Amino acid sequence: DDDFSQPLQLLAKQISFIDPLTKQEMVFNSQLELTL
């Protein structure tokens, strides 16, 4: 049986990519913390 009482927690601390329209690098940072 599948146990979904403790779901996986996933958090990106930083994500960056090149904007296809402007060709500029976009960088986003997260200050969130996961509670385990």
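In the working numbering, the protein residues as written are 2 to 37.
Note that beta-carbon positions come from the ideal geometry of N, C-alpha and C, so glycine has one too.
It should be emphasised that the depicted structure is a prediction, and the values quoted were computed from it without experimental measurement.
Distance check for residue j and residue i, CA to CA, integer angstroms please.
i: residue 13; j: residue 22; result: 24 angstroms
i: residue 37; j: residue 7; result: 10 angstroms
i: residue 15; j: residue 3; result: 31 angstroms
i: residue 17; j: residue 9; result: 23 angstroms
i: residue 29; j: residue 35; result: 18 angstroms
Could you name the residues of the same chain whose beta carbon sits closer than 8 angstroms to that of residue i, not counting the 5 residues immediately before and after it, in chain order?
i: residue 31; result: 12, 13, 14 and 15
i: residue 33; result: 12
In chain order, what residues of the same chain have a beta carbon less than 6 angstroms from the beta carbon of residue i, not counting five sequence neighbours either side?
i: residue 19; result: 26
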